[in-house]
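Novice: The structure's right below; bear with me while I get my questions together.
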Amino acid sequence: MTRGAFIVVEGVDRCGKTSQTMKLVESLQQKNIKAERMAFPDRTTWTGQVISNYLADKNCKLNDQAIHLLFTANRWENVEKMKEKLSSGITLVVDRYFYSGVAFSAAKGMSIDWCLQPEIGLLKPDKVLFLRIKSDTQKSRPGFGEERYETSVMQQKVNKIYDKFSQSEDNWKIIDANSSFDEVHEDLLNNIVESVQNVANSNAPFKYL
Ligand code: TMP
Ligand code: MG
Numbered sequence: 001m002t003r004g005a006f007i008v009v010e011g012v013d014r015c016g017k018t019s020q021t022m023k024l025v026e027s028l029q030q031k032n033i034k035a036e037r038m039a040f041p042d043r044t045t046w047t048g049q050v051i052s053n054y055l056a057d058k059n060c061k062l063n064d065q066a067i068h069l070l071f072t073a074n075r076w077e078n079v080e081k082m083k084e085k086l087s088s089g090i091t092l093v094v095d096r097y098f099y100s101g102v103a104f105s106a107a108k109g110m111s112i113d114w115c116l117q118p119e120i121g122l123l124k125p126d127k128v129l130f131l132r133i134k135s136d137t138q139k140s141r142p143g144f145g146e147e148r149y150e151t152s153v154m155q156q157k158v159n160k161i162y163d164k165f166s167q168s169e170d171n172w173k174i175i176d177a178n179s180s181f182d183e184v185h186e187d188l189l190n191n192i193v194e195s196v197q198n199v200a201n202s203n204a205p206f207k208y209l
C-alpha cells in the first residue's frame, strides 16, 4: 500500500485555514481519497491546553523560549500518530506546522536558527500550501484580535518570515487567498490531488527535517 500525502496549510491568523482544511477533507473523501484533518497547536493534549491558556490570556508571562518549546513538544507528541495514519494510506491535511512555530517565535525577535533546532527530525511535509492574504482582508475577518498574536504588527512580521520560507523551501506553493472561498478551495484541492498522485506514483518514503 502506498502512504498518504502529508499536506500542510500555512498562513497568518484568520486567512481561512480552518474552514478550508475542513472542506478539503470532505472534498478529498468525495474523490475516494482517504483524508483526515489535523491542526497545530493540537489543543486537546496536555501541552495543547497550556498553549491554549497562554494564547487566550494576553497577560500570561511565560518565557518566549519555554512557549516555543511547548509548541514544538506539541508536534513531537503527535509524530507516531501521524506516521501510523500516513502509513495506512491516509492523506493528512494539517492546519499549521513548525513553519508557524518558527515564524511566530522569530517575529517576537528570536533567532530563526535557534527556533528550528528542536524541530529537526520531525516529518517533512510533501507540500506546504501558503494562503497569502492582504492585511486589510485579514483585519476585517470576524474574531481578529481575540488571541495573543492577533495584532497587525505581529502578523506583518510573521508574513515576512512566511515569504522567506516560500522562497527558500522546495515544497512551498503560494495560494492567493483573497479570492472567493470556492476559488481558493479549488486551487488548494487541485494541488493536494496532484501531491497525493505524486506520492503514490513515486512510492515516496517519509522525509524528515
Ligand atoms: P491557531 O489560531 O491556528 O489555533 O493557532 C494559534 C496561534 O498559535 C496562532 O497565532 C499561531 C501560533 N502558533 C505559534 O506561535 N507556534 C506554533 O508552533 C503554532 C503551531 C502556532
Ligand atoms: Mg488563530
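According to the working numbering, the residues represented by the sequence shown are 1 to 209, in order.
Quick reminder that beta carbons are idealized off the backbone N, C-alpha and C, glycines included.
Buried or exposed: G48, going by 16 or more other Cβ atoms within 10 Å of its Cβ?
Specialist: As a first step, residue 48 is located in the sequence shown; it is residue number 48 there, counting from the start. Classification for G48: buried.
Novice: Are three or more beta carbon pairs between the region 15-31 and the region 107-118 nearer than 8 Å?
Specialist: no
Novice: Among residues of its own chain, excluding the 5 on either side of T158, which ones have a beta-carbon nearer than 7 Å to its beta-carbon?
Specialist: The count along the sequence shown starts at 1 and reaches residue 158 at position 158. Thr is not the amino acid found at residue 158; the sequence shown has Val there. So the qualifying residues of the chain are V12, A103, F104, A107.
Novice: Relative to the ligand MG, is the shortest distance from any of its heavy atoms to the C-beta of D163 smaller than 8 Å?
Specialist: Along the sequence shown, one-based indexing puts residue 163 at 163. Checking every heavy atom of the ligand MG against the Cβ of D163, none is found closer than 8 Å.
Novice: Mind pulling the beta strand (DSSP E) runs of 3 or more residues that sit fully within the region 98-138?
Specialist: 127-132
Novice: Taking 9 Å as the cut-off, decide whether the C-beta atoms of I175 and V94 are in contact.
Specialist: Translated into positions along the sequence shown, residue 175 becomes position 175. Translated into positions along the sequence shown, residue 94 becomes position 94. If you check the CB distance, I175 and V94 do not come in under 9 Å.
Novice: Consider the C-beta atom of E10 and the heavy atoms of the ligand MG; say whether any pair is separated by less than 8 Å.
Specialist: Walking along the sequence shown from the start, residue 10 turns up at place 10. It does not: the Cβ of E10 is nowhere closer than 8 Å to a heavy atom of the ligand MG.
Novice: Return the CA-CA distance between K173 and N190, expressed in angstroms with no decimal places.
Specialist: Locating residue 173 in the sequence shown gives position 173, counting from the first residue. Locating residue 190 in the sequence shown gives position 190, counting from the first residue. Inter-residue distance for K173 and N190 is about 12 Å (C-alpha atoms, whole angstroms).
Novice: Give the straight-line distance between the Cα atoms of N203 and S152, rounded to the nearest whole angstrom.
Specialist: The sequence position of residue 203 within the sequence shown is 203, counting from 1. The sequence position of residue 152 within the sequence shown is 152, counting from 1. Distance between the alpha carbons of N203 and S152 is about 43 Å.
Novice: Between the alpha carbons of S100 and M1, how many angstroms are there, rounded?
Specialist: Taking the first residue of the sequence shown as 1, we reach residue 100 at position 100. Taking the first residue of the sequence shown as 1, we reach residue 1 at position 1. Roughly 31 Å separates the two Cα atoms.
Novice: So, with DSSP's three-state summary, where would you put E26?
Specialist: Counting from 1 along the sequence shown, the entry for residue 26 is found at position 26. Reduced to three states, the DSSP call for E26 is helix.
Novice: Express the C-alpha separation of I51 and D71 in angstroms, rounding to a whole number.
Specialist: The count along the sequence shown starts at 1 and reaches residue 71 at position 71. The count along the sequence shown starts at 1 and reaches residue 51 at position 51. Sequence inspection shows Phe at residue 71; the Asp mentioned does not correspond to that position. For the pair F71 and I51, the Cα-to-Cα distance works out to about 7 Å.
Novice: What residue range is occupied by the uninterrupted alpha helix (DSSP H) comprising T47?
Specialist: Within the sequence shown, residue 47 is the residue found at index 47, counting from 1. It spans 46-56 - the alpha helix (DSSP H) in which T47 sits, taken as one unbroken run.
Novice: For E210, verify whether its CB is less than 8 Å away from any heavy atom of the ligand MG.
Specialist: In the structure as shown, the chain begins at 1 and stops at 209. Residue 210 is therefore absent and cannot be evaluated.
Novice: Helix, strand or coil for V153 per DSSP?
Specialist: Start at 1 with the first residue of the sequence shown, and residue 153 comes out as number 153. Three-state result, V153: helix.
Novice: The ligand MG heavy atoms versus the CB of D42: any closer than 8 Å?
Specialist: Here the question's residue 42 lines up with position 42 in the sequence shown. No; taking the cut-off as 8 Å, the Cβ of D42 has no heavy atom of the ligand MG nearer than that.
Novice: Residues in its own chain within less than 8 Å of G89 by CB, not counting five upstream and five downstream?
Specialist: Here residue 89 corresponds to residue number 89 of the sequence shown, with the count starting at 1. Closer than 8 Å at the Cβ level, and outside the excluded window around G89, lie M1, T2, R3, G4, K34.
Novice: Based on DSSP bridge pairs, tell me the residues matched to F6.
Specialist: As a position in the sequence shown, residue 6 is number 6, starting the count at 1. Note: F6 sits in a beta bridge opposite L92.
Novice: Whole angstroms are fine: how far does the CA of N178 sit from the CA of Q20?
Specialist: Within the sequence shown, numbered from 1, the residue matching residue 20 stands at position 20. Within the sequence shown, numbered from 1, the residue matching residue 178 stands at position 178. The straight-line gap from Cα to Cα measures roughly 13 Å.
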